[in-house]
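*Asks:*
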Amino acid sequence: MQPFDYFSPKTLPEAVEILSRHNGDARVVAGGTDLLLKMKGGRLAPKAIVNIKRLAELRGISETSNSKLQTPNYHLPITTIGALTTLEELRRSPIIRERYPSLCDAANTMASVQIRNLATVGGNMCNAAPSADLAPIFIALDASAVIAGPGGERRVPLEEFFVGPGKTVLESGELLASLEAPPPVGPSLYLKHSPRAHMDIAVVGVGLAAQLSGGVCESARIVLGAVAPVPLRVRRAEAELIGGPFSAERIDRAAKIAAEEAQPIDDVRGAVWYRRKMVEVLVRRGLTAIGGIEN
6 MQPFDYFSPK TLPEAVEILS RHNGDARVVA GGTDLLLKMK GGRLAPKAIV
56 NIKRLAELRG ISETSNSKLQ TPNYHLPITT IGALTTLEEL RRSPIIRERY
106 PSLCDAANTM ASVQIRNLAT VGGNMCNAAP SADLAPIFIA LDASAVIAGP
156 GGERRVPLEE FFVGPGKTVL ESGELLASLE APPPVGPSLY LKHSPRAHMD
206 IAVVGVGLAA QLSGGVCESA RIVLGAVAPV PLRVRRAEAE LIGGPFSAER
256 IDRAAKIAAE EAQPIDDVRG AVWYRRKMVE VLVRRGLTAI GGIEN
């Protein structure tokens, strides 16, 4: 590991100032479960480390008024998840369990209890691994990233936050402050295929959310993980569902289209053909469960 300068700011503006001063040569650390491994392995050698664990404003899960945004279910609050929220805090949160149980399901598949008590939601997003478990379901829930930087605060739809493996839209001096999830408009699910049920990286991950009314699909979001450089919304598959009956036939067609839209690669965890087939299987399984359709 190469020598580096260490900073532990007490406020968010101080952290932004330090990051700006180092002009891209500083890295943010919170849980350290990804960054420190990369540094020890020689894959990263930042000149400065900015420990943000003392920034109280980045902690916690809270609800705020949604009345100004006029989104679906605008009478219900928006949920804000601080970047320093640990995976275990996310999994155990009464707010998350009530409103977004699919997030709990995703967090429950990740790592060990020890790692979940260290690893943060913000770190999981900023690591930007194609196989990340939280990103597909957060995107399916239409979440946004709240970014703090020298110019103040900006919001980016989470599906636009990732630009490549290990790369995000964060610019010099910026850090991820929180995620915002709008009120759910219908059921959602996260499904994952991996060699082991826990403590393993996804071969395929699928985040699903749908709004159903009278057996008709009014909206749908299908997001794939581990089969593209970034979490991938399969919009043709979504379009197959929207506006028609949420039937087994439509679900089957949407699942096949999702497999076609996937962009997998061959690697040690799975071949292209296998990943496409698992996309089809998981999308069909998830949509069938959401629709309450018996096989």
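Using the working numbering, you'd call the opening residue of the sequence shown number 6 and step up by one each time.
Every residue gets a Cβ at the ideal spot worked out from N, C-alpha and C, and that includes glycine.
On a predicted model such as this, the values are computed, not experimentally measured, just so you know.
Spatial neighbours of Ile49 within its chain, please: C-beta separation below 6 Å, excluding the five flanking residues on both sides.
*Replies:* Translated into positions along the sequence shown, residue 49 becomes position 44. Sequence check: residue 49 is Leu here, not Ile. Closer than 6 Å at the Cβ level, and outside the excluded window around Leu49, lie Lys43.
*Asks:* Measure the C-alpha to C-alpha separation of Thr16 and Ala253 and round it to an integer number of angstroms.
*Replies:* By 1-based counting over the sequence shown, the position of residue 16 is 11. By 1-based counting over the sequence shown, the position of residue 253 is 248. Whole-angstrom Cα-Cα distance: 52 Å.
*Asks:* Mark Gly272 as exposed unless 16 or more other C-beta atoms lie within 10 angstroms of its C-beta, in which case mark it buried.
*Replies:* By 1-based counting over the sequence shown, the position of residue 272 is 267. What sits at residue 272 in the sequence shown is Asp, not Gly. Classification for Asp272: exposed.
*Asks:* Are at least three pairs of beta-carbons, each pair with one atom in the stretch 193-207 and one in the stretch 263-272, less than 8 Å apart?
*Replies:* Taking 8 Å as the limit for Cβ pairs, the verdict is that the stretch 263-272 does not touch the stretch 193-207.
*Asks:* Please tell me whether Arg238 and Ile144 are closer than 9 Å, where the distance is taken between their beta carbons.
*Replies:* Start at 1 with the first residue of the sequence shown, and residue 238 comes out as number 233. Start at 1 with the first residue of the sequence shown, and residue 144 comes out as number 139. Yes, the pair counts as a contact, with Cβ atoms nearer than the cut-off.
*Asks:* Determine the burial state of Thr69: buried for a count of at least 16 other Cβ atoms within 10 Å of its Cβ, exposed for fewer.
*Replies:* Start at 1 with the first residue of the sequence shown, and residue 69 comes out as number 64. Thr69 is exposed by the Cβ-count criterion.
*Asks:* Would you mind working out which of Val208, Leu181, Cys222, Phe9 sits nearest Gly191, comparing C-alpha positions?
*Replies:* Sequence index remark: in the sequence shown, residue 191 carries index 186 (1-based). Checking every option, the nearest Cα to that of Gly191 belongs to Cys222.
*Asks:* Label Asn71 either buried or exposed according to how many other C-beta atoms from any shown protein chain fall within 10 Å of its C-beta, with 16 as the threshold for buried.
*Replies:* Within the sequence shown, numbered from 1, the residue matching residue 71 stands at position 66. Buried is the call here.
*Asks:* Quick check: the Cα distance between Arg59 and Arg258, rounded to an integer number of angstroms?
*Replies:* Counting from one through the sequence shown, the residue named residue 59 turns up at place 54. Counting from one through the sequence shown, the residue named residue 258 turns up at place 253. Using only the alpha carbons, I get a separation of about 49 Å.
*Asks:* For the alpha helix (DSSP H) containing Lys45, name the first residue and the last one.
*Replies:* In the sequence shown, the residue the question calls residue 45 occupies position 40. Lys45 -> alpha helix (DSSP H) spans 40-45.
*Asks:* Write down the C-beta distance between Arg226 and Asp147 rounded to the nearest angstrom, noting that I regard them as a contact closer than 8 Å.
*Replies:* For this step, residue 226 is matched to residue 221 along the sequence shown. For this step, residue 147 is matched to residue 142 along the sequence shown. Going by Cβ atoms, the distance from Arg226 to Asp147 rounds to 7 Å, so yes, they are a contact pair.
*Asks:* Over what stretch of residues does the beta strand (DSSP E) that includes Gln216 continue unbroken?
*Replies:* Reading the sequence shown from its first residue, position 211 is the one you call residue 216. It spans 209-218 - the beta strand (DSSP E) in which Gln216 sits, taken as one unbroken run.
*Asks:* Where Tyr105 and Leu41 are concerned, what is the direct C-alpha to C-alpha distance, given to the nearest angstrom?
*Replies:* As a working mapping, residue 105 is identified with position 100 in the sequence shown. As a working mapping, residue 41 is identified with position 36 in the sequence shown. If you take the alpha carbons of Tyr105 and Leu41, they lie about 31 Å apart.
*Asks:* How far does the beta strand (DSSP E) with Ile206 in it extend, from its first residue to its last?
*Replies:* Here residue 206 refers to the residue found at position 201 of the sequence shown. No beta strand (DSSP E) contains Ile206, which DSSP labels as neither H nor E.
*Asks:* Quick check on Ser3: does DSSP put it in helix, strand or coil?
*Replies:* Summary: the structure shown does not reach residue 3, with the chain confined to residues 6 through 300, and so no result is reported for it.
*Asks:* Would a C-beta distance cut-off of 9 Å place Leu180 and Ile152 closer than the cut-off?
*Replies:* For the purposes of this step, residue 180 is identified with residue 175 of the sequence shown, where counting begins at 1. For the purposes of this step, residue 152 is identified with residue 147 of the sequence shown, where counting begins at 1. Contact flag set, yes.
*Asks:* May I ask you to verify whether the stretch 117-134 touches the stretch 81-96, counting CB pairs closer than 8 Å and requiring at least 3?
*Replies:* Touching, yes.
*Asks:* For Val211 versus Leu194, is the C-beta spacing smaller than 9 Å?
*Replies:* Stepping through the sequence shown from its first residue, residue 211 is reached at position 206. Stepping through the sequence shown from its first residue, residue 194 is reached at position 189. Yes.
*Asks:* What are the start and end residues of the beta strand (DSSP E) that includes Ile247?
*Replies:* Your numbering for residue 247 matches position 242 in the sequence shown. Where Ile247 is concerned, there is no enclosing beta strand (DSSP E), given that its DSSP letter is neither H nor E.
*Asks:* So what's Ile262 in DSSP terms, helix, strand or just coil?
*Replies:* The residue you call residue 262 lines up with position 257 of the sequence shown. Residue state, collapsed to three classes: helix.
*Asks:* Return yes when the Cβ of Val235 is within less than 9 Å of the Cβ of Ala133, no when it is not.
*Replies:* In the sequence shown, the residue the question calls residue 133 occupies position 128. In the sequence shown, the residue the question calls residue 235 occupies position 230. Contact: yes.
*Asks:* Say whether the stretch 17-25 touches the stretch 170-180, bearing in mind that this needs 3 or more beta-carbon pairs closer than 8 Å, one atom from each stretch.
*Replies:* As far as the Cβ criterion goes, the stretch 17-25 touches the stretch 170-180, which means the pair count is three or higher.
*Asks:* For Asn129, is the classification buried or exposed, using 16 other Cβ atoms within 10 angstroms of its Cβ as the cut-off for buried?
*Replies:* For this step, residue 129 is matched to residue 124 along the sequence shown. Buried: at least 16 other Cβ atoms inside 10 Å.
*Asks:* Is it true that the CB of Glu245 sits closer than 9 Å to the CB of Thr84?
*Replies:* Walking along the sequence shown from the start, residue 84 turns up at place 79. Walking along the sequence shown from the start, residue 245 turns up at place 240. No; because the gap between Cβ atoms is not below 9 Å, this pair is not in contact.
*Asks:* Tell me whether Ala186 sits in a helix, a strand or coil according to DSSP, three-state version.
*Replies:* Mapped onto the sequence shown, residue 186 falls at position 181. If DSSP states are grouped into helix, strand and coil, Ala186 belongs with the strands.
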